[in-house]
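What follows is one structure encoded as structure tokens, with my remarks underneath.
6 protein chains.
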Amino acid sequence: MRPSQRLSSQLRTVRITRNFTRYAEGSVLIEMGHTQVLCTASVEESLPGFLRGKGQGWVTAEYGMLPRSTHTRTAREAAKGKQSGRTQEIQRLIGRSLRAVTDLKALGERQITLDCDVLQADGGTRCASITGAWIALRAACAQLVAQGKLPENPIRDHVAAISVGIYKGVPVLDLDYPEDSDCDTDMNVVMTGDKGIVEIQGTAEGEPFTRTQMGQLIDLAEAGIDELVARQKAALVA
Amino acid sequence: MRPSQRLSSQLRTVRITRNFTRYAEGSVLIEMGHTQVLCTASVEESLPGFLRGKGQGWVTAEYGMLPRSTHTRTAREAAKGKQSGRTQEIQRLIGRSLRAVTDLKALGERQITLDCDVLQADGGTRCASITGAWIALRAACAQLVAQGKLPENPIRDHVAAISVGIYKGVPVLDLDYPEDSDCDTDMNVVMTGDKGIVEIQGTAEGEPFTRTQMGQLIDLAEAGIDELVARQKAALVA
Amino acid sequence: MRPSQRLSSQLRTVRITRNFTRYAEGSVLIEMGHTQVLCTASVEESLPGFLRGKGQGWVTAEYGMLPRSTHTRTAREAAKGKQSGRTQEIQRLIGRSLRAVTDLKALGERQITLDCDVLQADGGTRCASITGAWIALRAACAQLVAQGKLPENPIRDHVAAISVGIYKGVPVLDLDYPEDSDCDTDMNVVMTGDKGIVEIQGTAEGEPFTRTQMGQLIDLAEAGIDELVARQKAALVA
Amino acid sequence: MRPSQRLSSQLRTVRITRNFTRYAEGSVLIEMGHTQVLCTASVEESLPGFLRGKGQGWVTAEYGMLPRSTHTRTAREAAKGKQSGRTQEIQRLIGRSLRAVTDLKALGERQITLDCDVLQADGGTRCASITGAWIALRAACAQLVAQGKLPENPIRDHVAAISVGIYKGVPVLDLDYPEDSDCDTDMNVVMTGDKGIVEIQGTAEGEPFTRTQMGQLIDLAEAGIDELVARQKAALVA
Amino acid sequence: MRPSQRLSSQLRTVRITRNFTRYAEGSVLIEMGHTQVLCTASVEESLPGFLRGKGQGWVTAEYGMLPRSTHTRTAREAAKGKQSGRTQEIQRLIGRSLRAVTDLKALGERQITLDCDVLQADGGTRCASITGAWIALRAACAQLVAQGKLPENPIRDHVAAISVGIYKGVPVLDLDYPEDSDCDTDMNVVMTGDKGIVEIQGTAEGEPFTRTQMGQLIDLAEAGIDELVARQKAALVA
Amino acid sequence: MRPSQRLSSQLRTVRITRNFTRYAEGSVLIEMGHTQVLCTASVEESLPGFLRGKGQGWVTAEYGMLPRSTHTRTAREAAKGKQSGRTQEIQRLIGRSLRAVTDLKALGERQITLDCDVLQADGGTRCASITGAWIALRAACAQLVAQGKLPENPIRDHVAAISVGIYKGVPVLDLDYPEDSDCDTDMNVVMTGDKGIVEIQGTAEGEPFTRTQMGQLIDLAEAGIDELVARQKAALVA
């Protein structure tokens, strides 16, 4: 029995609010249960020096948590003067996941930065960031197309992410914080709309896991990604 | 004529949403027009070393802007590895303003940290932070009273803040970003519910200003503070 | 009764020594009682990148305290690896105050940096910095005129600064350290030779202050600024 | 055909040198082809503050590359003043992997730090670090047993790591640098002696990968881990 | 012929002003020609953690240059966020030199910090710092004796420092900036009142130097130290 | 009697391994007894901005210690986020020493960086670094000659370094760690193949030393340098 009473294959309630803020070229608030992440896409018509003149663009991401997004207050990274290893690991993952479905040559010599800022954290923030950032990125590129700056959208496919894990011996989908802090295995799966695997990161927090368990977890993840891609599609139409 | 068509003495639309997030002891989203600041109060039952054993508590504040809260993207302070002079100046101001109405002895040996994070910036973020943070702080203390940890609320009076300035020669209340970037004089006024001045910071961006102009600006500010204090009262009752 | 036996409207003894050091284009030691600040103006015939090509120059300031300028030793900021919020706040204030009386276009594409280093601190160091730095700046510009690099001095007016406050219930001028650490209200006023207000920063350390008190404080400040401007004139002639 | 002429399931030549340096409680040079990592285990009879008094010990890791371990010189992290995101990600991975097979309670209130310093880098440095660090850790614990400080070795099982990937469409084992920089999918697998999966991290550098491909990659990895565990056993006996 | 017309064995004019500032336990302005260094000694009745409980005190030093102490402006170390290698090297040298003549056990469990801040730099600032700091240190200890906190002064002997070098082929004493930037060999010699060598640091900027030249340089230095020690004695009596 | 049973004028066993690693243009492992330093020379066909266009090249050095090169673990500088004063002092010394024998004009507009990384530290690491780095530098330049990029080797002479000191009252050559931590005087001498002195740094750890003692120490050092230069020659031929 999960603390939230959900079925093992049940996602939390997903809410996607587009244009949550007004200045960014793409702006999405994604909620997975109590987890809330604000994802904005910022288009810059220039590139960092090491990327210039290569006939392609770049997509990158930054991630942060508001100090009181968490159950107890977390120290502000700007005040500490550095980003934690966890933060850097997550923002590198978000960037790689989005670039996997972006035709960087078709994007042209511009950079799009996805800022994923966690307003409230109840587990699964990196996955929510990827799923939400994709919508913001897709929307920002659609704007470039609408403005005549690009002939077609360089985002070739959906990308979404979900966590799965083994909680009290049972494989479950979309771990919330109480499950995440008490599970044996935690895995994040990033997949395209075509079910191609873009990233998979599994960690045995307690007991090592078997290949059989791993197969069950990916089955769960695939079903979850299906739902999330459907929600992405609906959000873009809305 | 103001870009927003407002009268010279007219505040922007004020919206106050309590419990915008769920984990903080106090959580308020304050909106002044398009400016949106999330203010959370976090109670810690301990004090930094230099304050221990003095028979009093402490109230402090931190301030940040999401990178794309602004019209064009601002670099993330956590990524740059330090807070700007402006950020530090603002968070020191917020802390001082709130301490001015707090009975630190009555608070007991605990610390309350107010995090003011700007989701969207259209001018006046430091003033909105003070006005909103006061509500979060008052609510957090009310919770301590309700839990029996304090006999009465140590917040002795309201405190609110508003900007005033001379825009195209005319004193106006509550500058938005287009006015702020094109005004001659910019002044932030922090007042208590009793109309006591807690902080006043005036800067001539272009021409120096006269004592007569200064009087007109404070008149405007006083009226604005009146409205804000009324809104704080309403928000606490709601 | 003030600890120093001064009248409420009495400045401390002001001493201004020009050319205290020999390499800077302008170099002034200003003393307000025991407070001593060395102000140097350094002219650079280039601008930081973000200011180039705009057909104007720039005036900026940096501030520091020698570790044992204070009653007990203060940690060296260079050793701590960062400037405090207070330091940044002060150097921003000095820079803004000086720019308020500088015709940046007339200055041409060069930068003048004012370094204000406190040799001894007995209160009022930021005000002494502004008053002294103005002389160093004016002198450095005069040298540019003498060298034929500028047709006329781009410093359009005097600027000077003084602190006022409410000490034991009485408004007083030019607070020294014992008064500053024990006052209810502390206000720094920056004015031009024409009595235009350039900056005003008032803080209620204890009780909020009223508009009447504020008027009394500015009256005191105006008289103090008058004297300081006279001293600046005398120093430039000398 | 692989650049190194190896079969797709063939490891590079593995060399393990124990006691490569003399002061550490465990010291191992591990070579996988041209990749060389020096792994040392340092035992400290104390714990960082946040871990004290919990009746358990801790195992942690740090990772670094010598500036000229790489084909062209990489800037020294100590000189840049911070560790890269990649470095932090790798050292977190090494620490988690080793803790997965350590009985922290049995270790007692002491900390063992594994330093993995890359002398030469030709791909697979994080995997070599894990495999080599395990030997250094096991040896350091054996010394604690020999000294009578522990009744038995708290390292419960082997742990080793290997990279696999899809190179020119073919799944291959143990990528060297030329393969790593030109492959479609790169996966690092960390397993115990019992074939339990401790960590799995797969990234599609180009095309997303399928579950079938993923199965083939893990088959390869399992065979590689078998060999590495055999080498670990031999090294401990020697 | 030296640019300053001095004889090869002639010191610059030495001026020593005691009590240049008023709060430090020892405060000395030392001038060697145009070089001016303010040396203050600060007594703290506590020790850094790693020195506590060893039944001895500590003497340490910090060094800094005001940004416009130099011919052209040098960036402020506090603003850059770190001390240069040169600064650290110099302050380590000052500290070691002073500790060489201090009976740390006799000092008791307290720390004395010598701050050497260069107001004007015309070569030889590290030597002037040592010579001046010794006076400040001796005076601060004399105050501890006068206050009854110490039975006798724990500074056992004088220590002073002077630079020597080979300028245009000729060994010269006490290099000023024009000589220092154009010499072949530069040597700093730190000696006690008894002519014991405490530190010697010689660097061939151009041609390597011979043992014969080295002997000539140390002869010169010895004579210079003699004069400086005499000046230290005079200053303490004054 | 020395702890190592060596004669007072006896070097430790010297071992020099060329091409210890394979990517650097020059790579040397130098061992002096248990002290082991890996010295690599990296050629870059460009210069830092401040050196460009001056018709000359540059030679610089960086130094580091692996955390467990020492008897007890030393914190990693990359993790602490800064290099210690000692590290900076040493790498500046290595760079100066090598430049003293390099014809920078003949080197052309390129930079060679010497990385000296200590794998094991038993005293004398800075001297071993200089002696070993010279070989790596000479070899890297020889490669440039062989590639036709330079007409002749711009390294004009040998440079080597050795420590000497007064241990239990007796002058001794090549101090190891037990001697170094218990000696009265410690001196590092850097000399060319022609016996020219390039750097001399002597420090009295306990009693000041006399000129007579200094002469004895340099005699010892000269003999040691003779042997080291012979070893450098042999290593280049091998």
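Residue numbers (the numbering used here), protein chains in the order written: chain H, 1 to 238; chain G, 1001 to 1238; chain P, 2001 to 2238; chain E, 3001 to 3238; chain X, 4001 to 4238; chain F, 5001 to 5238. Each residue gets a CB set at the ideal place from its N, CA and C atoms; glycine is no exception.
Query: Beta-carbon proximity of G/Ser-1046 to G/Ala-1136, cut-off 9 Å; Result: no
Query: Neighbour flag for F/Pro-5003 against chain X, beta carbons, 9 Å; Result: no
Query: Helix, strand or coil at P/Tyr-2023 according to DSSP, with G and I counted as helix; Result: coil
Query: Span separating the alpha-carbon of F/Tyr-5177 from that of X/Ala-4161; Result: 29 Å
Query: Within 9 Å of chain E by C-beta, residues of the region 199-231 of chain H in sequence order; Result: Glu-199, Ile-200, Gln-201, Gly-202, Thr-203, Ala-204, Glu-205, Gly-206, Glu-207, Pro-208, Phe-209, Thr-210, Arg-211, Gln-213, Met-214, Gly-215, Ile-218 and Glu-222
Query: Reduced DSSP secondary structure (H/G/I, E/B, other) of X/Val-4145; Result: helix
Query: Beta carbon proximity, G/Gln-1120 to chain P, threshold 9 Å; Result: no
Query: Stretch-stretch touch, CB-based, cutoff 8 Å, three pairs: the region 5119-5126 of chain F with the region 3013-3025 of chain E; Result: yes
Query: Residue range of the unbroken alpha helix (DSSP H) whose run includes E/Asp-3157; Result: Where E/Asp-3157 is concerned, there is no enclosing alpha helix (DSSP H), given that its DSSP letter is neither H nor E.
Query: Opening and closing residue of the alpha helix (DSSP H) in which F/Ala-5106 lies; Result: 5104-5107
Query: Whole runs of the alpha helix (DSSP H) within the region 1041-1108 of chain G, excluding any shorter than 4 residues; Result: 1077-1080, 1085-1099 and 1104-1107
Query: As assigned by DSSP and simplified to three states, the class of F/Arg-5231; Result: helix
Query: Beta-carbon proximity list for G/Ala-1223, same chain, < 8 Å, skipping 5 on both sides; Result: Ser-1009 and Leu-1173
Query: Where P/Thr-2125 falls: helix, strand or coil (DSSP); Result: helix
Query: Integer Cβ distance of X/Asp-4157 from X/Val-4037, believed to fall under 8 Å; Result: So it is not a contact: roughly 21 Å between Cβ atoms.
Query: Check whether H/Leu-236 and H/Ala-139 have beta carbons under 9 Å apart; Result: yes
Query: H/Gln-213 in three-state terms, based on DSSP; Result: helix
Query: Beta-carbon proximity check, X/Ile-4197 vs F/Thr-5210, cutoff 9 Å; Result: yes
Query: H/Thr-13 - DSSP class collapsed to helix/strand/coil; Result: coil
Query: For X/Gly-4224, the three-state DSSP class (helix, strand or coil); Result: helix
Query: Rounded separation between X/Gln-4143 and E/Arg-3073 - CA only; Result: 56 Å
Query: Identified DSSP bridge partners for X/Thr-4113; Result: X/Ser-4042 and X/Thr-4060
Query: Under 7 Å by beta carbon: chain F residues contacting X/Ala-4100; Result: Ala-5204 and Pro-5208
Query: Nearest candidate by alpha-carbon position, reference X/Glu-4205, set X/Val-4190, X/Ser-4181 and X/Lys-4195; Result: X/Ser-4181
Query: Sub-9 Å separation of P/Thr-2212 and P/Ala-2100 beta-carbons; Result: no
Query: P/Ile-2218 to P/Gly-2085 span [Cα, whole Å]; Result: 26 Å
Query: As assigned by DSSP and simplified to three states, the class of X/Ala-4238; Result: coil
Query: Within 7 Å of chain F by C-beta, residues of the region 3141-3174 of chain E in sequence order; Result: none
Query: C-alpha gap between G/Gly-1033 and H/Ala-78, whole angstroms; Result: 27 Å
Query: Collapsed DSSP secondary structure at X/Pro-4171 in the structure displayed; Result: strand
Query: C-alpha gap between X/Arg-4092 and X/Val-4059, whole angstroms; Result: 11 Å
Query: Presumed contact (8 Å Cβ cut-off) between F/Ser-5097 and F/Glu-5199, rounded CB distance; Result: 6 Å
Query: Close Cβ partners of E/Arg-3076 (< 8 Å) along its chain, the five nearest in sequence each way excluded; Result: Pro-3067
Query: Cβ of H/Thr-125 within 9 Å of any chain E Cβ; Result: no
Query: Residue-chain proximity (H/Met-191, chain E), Cβ-Cβ < 9 Å; Result: yes
Query: F/Val-5170 versus X/Lys-4195 - alpha carbon distance; Result: 20 Å
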